[in-house]
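Data block below; observations after.
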Amino acid sequence: MSNRPVVVRFAPSPTGPLHIGGVRTCLYNYLFARQHGGKLLFRIEDTDSQRFVPGAEQYIIESFKWLGITFDEGVSFGGDHGPYRQSERREIYKKYVQVLLDAGKAYYAFDTKEELDAAREKTANFQYDASTRGQMRNSIALGMDEAQRLIAAGEPYVVRFLIEPGEDVLVNDLIRGEVKINSSILDDKVLYKSADELPTYHLANIVDDHLMEVTHVIRGEEWLPSSPLHVLLYRAFGWEAPQFAHLPLLLAPEGNGKLSKRDGDKYGFPVFPLQWNFIDKETGEPKSYSGYRESGYLPEAVVNFLALLGWNPGNDQDIMTMDEMIRMFDLGKCSKNGAHFDVKRLQWFNHHYLQVCDEQILVDELKKQVVENGADPKNDEYVKVVVGLMKERINLPKELWAQCNFFFAAPEAYEEKSLKKWWKPASTNAETGAAVPSSSQMVAELCDFLEAQEDWNGATLEPKVMEWIASKEYKVGAVMNAFRVTLVGEARGPQIFLITDQLGKEESLRRARVAIERLA
RNA sequence: GGCGCUUUCAUCUAGCGGUUAGGAUACCGGCCUCUCACGCCGGGUACACGAGUUCGAGUCUCGUAGGCGCUACCA
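Add 40 to a position in the first sequence, counting from 1, and you land on the number used in our numbering.
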C-alpha cells in the first residue's frame, strides 16, 4: 500500500432527497478526511438517466451546507479532477471500456431485455456468466466479426465484464476484515450501455475513483457484495485498489428492514435532512417529505446523533463537537451490525443543543408562533425572557408555544386535573379542626394583599407573600397552586413570581379575579 | 433459492480469555420544590442457542437459529 494523501468521496445519485443514511456515510467520510488532513470529493453519479430527478443535486449540496459538512472538490466546489458529474464524463468511460475490450477482459452483448427475461424464466437462478455466456448473443459466442457487423448495423449493445470463474476474491475491509467471495457467484456485469452511451455504476465508479485518486472508499454495506467485482475491475485495469470500509446500515426504529422514507410517516419523524417538495406521480398532487431542518432539529444534534449511530470513540462521551469527532473518529471502532434509528435519543441530543444554541433562534421562533396564534409578542426583550425561562423543557422549538402560551394570552379554560387538585371548596383541617377557606377565597385575599403592594418585583414580593401566607396559617402549596391555576390555566410552568414578573401587576390580578368569577 | 455480512439491556453501545458485564437514551423510584419541567441521586432489564478449545469464554473455533444486504442494461 502506497502512502498517497488521503482522498475520499461522497458520490450520491441525484434520484431524490438525500436519505439520512447517506448523510451518515458522508459524515464518516468527512470525519476521516479531516482527521487525516485529506480531501473529500463530491461526485454526482447520474449514469441512470431514467432515474434522474431535477433539483436533487442542489438539495444534496444545501443539506451538507446546513449540516456543516464541507467538501474540497467536486460538483459546485471546483477542483482539478473534473468534470464531477458522471454524465459529463462519457468520453472518459468510452476510452476505458475500449481498454478492457482490447485486452479481452470485456465483451459485447446484444441480448435484448426479452431474451434475458426468457433465459431467466427458463433457468432457475440464471446468471450471465462463464457457464451461460456461450448460449447468449455476444461477441464471445458469435465471434468478433459478427459482433462488429451487428454494431455497424446499428444494433444496440452493452459491454459486459468477463469474469473468470473459480477464484476466491479477497476484499480487505477496514471494518470487517477480510471478506472472501468466489468469483463464480459473480455475473458478467454490464459495464456500458450503447443506448445512452453511459457506463453503469461499477465501471464509472472504478474509473472515477482511480482518476480522482481516491484512497479510501467508505460506503454503505449494500455495496459489500459487489466489492469483489470492483477489486477485479481494478485488477483488470492494472490499478491499485483503494481501501474499502463498508458501513453498517441504518435500520427502522423497530421491526425489520432498513430505514426507508415510509418509516418517517410511520413513526412521525423526518428521514431527510431538509424538506423535499415534489409532485406525486400518481395523483399529480404536490406533496412533501419533512426535513430535520424544518422540524426544528439543530444540525449539531443531527450530526452528533448520527456520528454515534454506528461508531463510538470507546469512552463514555456522548456530546461531541465536530472537532472532537474529527479527532477521535476511527473506522476500526465502527460497529458491524445495523443500527436502529432511535428518534427519542435524537431528541435528547436536540434538547441539549437547544440549551446552548444562539438564543435568538428560539426568540424568533417563539415570536412567530405567538403571532400565528393570534397573540401579541409584545417586544423582543419580553420574548427573550420567556425563552430563557422555558427552553429547558422543550426538545423541539415547535413545542415552545404550548409551553409558554400563558405568557402571551390569558387562560380561557382551566384544566380539569389541576382544578381537581388545587381548586377546592372550604373545608376543615382534619387534625386541628381549624376552618380552611376555599381556594377561591384564599386567592381573593391574596389579590387584596397583592393589590396593596407598591413594589411588584418578584424577588421582593415573594418573601412578603410567604410571610402573609404564614400569618394566615394557610398552606403555601394550596395558595400558590390555586393562584397558579388562575394565571396559567393549569398546574405547570416556572416559579410563580417569575410569571407575575412578566405578566405585571395589573394582568396578574385581573387573571386571578376573572378566574374566581368563572370558577364560582 | 444462492452468496455475503451480522447477533451484549427496549434502543445506541463499551468490552478485544479472569469484570459485581460499564455508559447513554427511554422507562420506573427518590431528592429538589408552590406546579410542570430541568438538574441530581438511585433502580430494573442484556452476552440468541448448542457444541468445542481452555484451569477459566460475552470475548477464540465450529454448527444452528434469527436479523439484514446483494442477487438489474439502479445506484
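Every residue, glycine too, gets a C-beta built ideally from N, C-alpha and C.
Can you tell me which of the three DSSP states Ile60 falls into? helix
When Ile221, Trp463 and Pro310 are compared against Glu334, the one with the closest alpha-carbon: Pro310
Nearest to Gln138 by CA position, among Asn178, Phe201 and Pro353, is which residue? Phe201
C-alpha gap between Thr361 and Trp316, whole angstroms: 28 Å
Here's the rule I'm using: 16 or more other beta-carbon atoms within 10 Å means buried, otherwise exposed. How should Pro326 be labelled? exposed
Can you give me the C-alpha to C-alpha distance between Arg216 and Phe150, rounded to a whole angstrom? 38 Å
Thinking C-alpha only, which one of Ile359, Gly378, Asp416 and Asn413 is nearest Glu388? Looking at the sequence shown, residue 388 is not Glu but Trp. Out of Ile359, Gly378, Asp416 and Asn413, Ile359 has the C-alpha closest to the C-alpha of Trp388.
Beta-carbon contacts of Val570 that lie in its chain and below 7 Å, excluding the five residues immediately before and after: Any answer about residue 570 is impossible in this case: the structure gives the chain only from 41 up to 560.
Which of the three DSSP states is assigned to Tyr232 in this structure? strand
What residues are listed by DSSP as bridge partners for Glu218? Asn212
Mapping the DSSP letters down to three states, classify Tyr197 as helix, strand or coil. coil
Count the other C-beta atoms from every protein chain shown that fall within 10 angstroms of the C-beta of Ala143, then say buried if there are 16 or more, exposed otherwise. exposed
Could you tell me if Lys162 is buried or exposed, where buried requires 16 or more neighbouring beta carbons within 10 angstroms of its beta carbon? exposed
With distances taken between CB atoms, is the gap from Leu67 to Tyr99 smaller than 8 Å? no
Cα-Cα separation between Leu81 and Ala244, rounded to whole angstroms: 15 Å
Just list the residues that DSSP pairs Arg333 with in beta bridges. Bridge partners of Arg333: none, in fact.
Distance, Leu436 Cα to Leu314 Cα: 16 Å
Between Phe318, Phe312, Ala292 and Ile319, which has its C-alpha nearest Lys306's C-alpha? Ala292
Could you tell me which residues DSSP puts in a beta bridge with Arg433? DSSP output for Arg433 lists no bridge partner at all.
Give every residue of the same chain whose Cβ lies closer than 7 Å to the Cβ of Glu186, excluding the five residues on either side of it in the sequence, and list them in chain order. none
Meets three-Cβ-pair contact criterion under 8 Å: the stretch 483-492 and the stretch 538-554: yes
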